[in-house]
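Some notes on the structure that comes next.
In the UniProt record's numbering, the protein residues as written are 1 to 289.
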C-alpha cells in the first residue's frame, strides 16, 4: 500500500512524513546522512579520495602535470576541476557529452576553488613565466542519490590533502625541467571549505542533505559553503522559490557546524593514513579512534 502511494503521489507521500518532522528514510529534517571517507584509494593518482554521503558516492583523483603558465598569470599554476556523472551512477544520465548538471557542478567546483582560496596559485609556480603545475581534479559519481556538491567538495579537499608532488628543478645548462620522483612534498592548503546543501519543500519547509527523490520534489535548492573561520565562501541557489533572511541564516549556521564536523573527519582519516597501522580506512563522524 505504502509503495503504491509513494509511486502514485510522491509529493503527498513525502508531505505525510514532513508533517511529523521526519523523512521517509527516518532522518530528522536537519539530519545529514552518514558520511564516510577513504583517502589514497587510487594508487596511480597523485592524490585521491572516495566519499559516501548515504548512497551518493564520489571518487576524486588528482593528476599533476607540468605546463607553461598563462601569459596573464606568469607566476601562477592552476587547478582544473571536472565533475563526471556517467550513466553507471544513475538512469537519469545518458552517455555522450557532459550533462547540464555535470557542467554546472564543474563550474561550481571551479568557483569554490577560487572564492575560498584553497591553494595559493603562486605555490604551484615552479619558474616564473616558464613552468608551473596544473592539477587536474577529476570527480566521478559512482552512485547518485542526491547532494553531489557536498560530496564533491569533501572528495576534492581530502584528495588535495593527500596529493604529493615531486621536486622539480630547472637545469641551468639545458633549461629543461628535472623531476625528482624520490623527493615529494604535500600541498599547502590555505582554507578548508565545506558545503552544506538544503532543499525547500512547499516554499517553506527546509531539509538538509536531500536525496535524489527529495531534490526532484523540492521547490528550491541551496548549497552554502563556509570555511574554518566561519567565512561564507559561496551561497549557490539555482532558481526556485525565494528564501527569507531568517531561513538563510539558519542554513549558514548549520553549514558552519557541518564544516567543523567534516574537517575533523578529513583530519582523522588523514592521520590514520599516515600512522603505520592506519591504512586509510573509512571513518565515520563520532567514531572513536
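Note that beta-carbon positions come from the ideal geometry of N, C-alpha and C, so glycine has one too.
Among the options, nearest to residue i - alpha-carbon criterion
i, options, result
"residue 121", "254, 188, 9", "188"
"residue 160", "191, 170, 88", "191"
"residue 232", "116, 75, 52", "116"
"residue 225", "201, 256, 202, 209", "256"
"residue 109", "157, 63, 91", "157"
"residue 267", "38, 81, 33", "38"
"residue 245", "273, 204, 195, 35", "204"
"residue 127", "26, 144, 149, 175", "175"
"residue 57", "75, 74, 89, 26", "89"
"residue 229", "139, 65, 237, 263", "263"
"residue 35", "265, 274, 146, 216", "265"
Unbroken alpha helix (DSSP H) run spanning residue i, endpoints
i, result
"residue 273", "245-274"
"residue 113", "100-116"
"residue 13", "10-18"
Neighbourhood of residue i by C-beta distance below 8 angstroms, restricted to the same chain and skipping five residues each side
i, result
"residue 178", "168, 169, 170, 171"
"residue 107", "none"
"residue 71", "none"
"residue 164", "46, 47, 184, 185, 186"
"residue 270", "39, 158, 161, 162"
"residue 19", "none"
Rounded Cβ spacing between residue i and residue j (contact assumed at less than 8 angstroms)
i, j, result
"residue 30", "residue 254", "6 angstroms"
"residue 49", "residue 220", "No, residue 49 and residue 220 are not in contact; Cβ-Cβ is about 30 angstroms, not under 8 angstroms."
"residue 105", "residue 152", "6 angstroms"
"residue 210", "residue 196", "Contact doesn't hold; Cβ gap of about 11 angstroms is too wide."
Boundaries of the beta strand (DSSP E) in which residue i is found, first to last residue
i, result
"residue 297", "Nothing can be reported for residue 297: it is not among the residues displayed for the chain, which extend from 1 to 289."
"residue 164", "164-170"
"residue 177", "177-186"
"residue 71", "No beta strand (DSSP E) holds residue 71; DSSP gives it neither H nor E."
"residue 206", "205-208"
Paired residues, beta bridge with residue i - DSSP
i, result
"residue 153", "BP columns for residue 153 are empty, so no partner."
"residue 65", "134"
"residue 220", "200"
"residue 195", "225"
"residue 57", "52, 143"
"residue 89", "In the DSSP output, where bridge partners are listed per residue, residue 89 has none listed."
7 angstroms CB neighbourhood of residue i in its chain, flanking five on each side removed
i, result
"residue 247", "206"
"residue 22", "28"
"residue 148", "56, 58, 105, 141"
"residue 277", "Since pLDDT at residue 277 reaches only 46, below the 50 mark, its modelled position is unreliable, and the value read off the structure follows with that caveat. Here the set comprises nothing."
"residue 143", "55, 56, 57, 89"
Close-in-space but distant-in-sequence residues of the same chain around residue i (CB under 6 angstroms, 5 per side omitted)
i, result
"residue 102", "83, 85"
"residue 279", "Because the pLDDT at residue 279 is just 46, under 50, the model does not fix this residue reliably, and the value given afterwards should be weighed accordingly. Same-chain partners within the cutoff: there are none."
"residue 281", "Unreliable placement is indicated for residue 281, whose pLDDT of 46 sits below 50; the coordinate value is still reported in the next sentence. None."
"residue 286", "Note on residue 286: pLDDT 43, under 50, position unreliable in the model; no value is reported."
"residue 355", "Because the chain is modelled from 1 through 289, residue 355 falls outside the range shown and cannot be assessed."
Within-8 angstroms CB hit, residue i to chain C
i, result
"residue 246", "Annotation note: the requested chain C is absent from the structure, which comprises a single protein chain."
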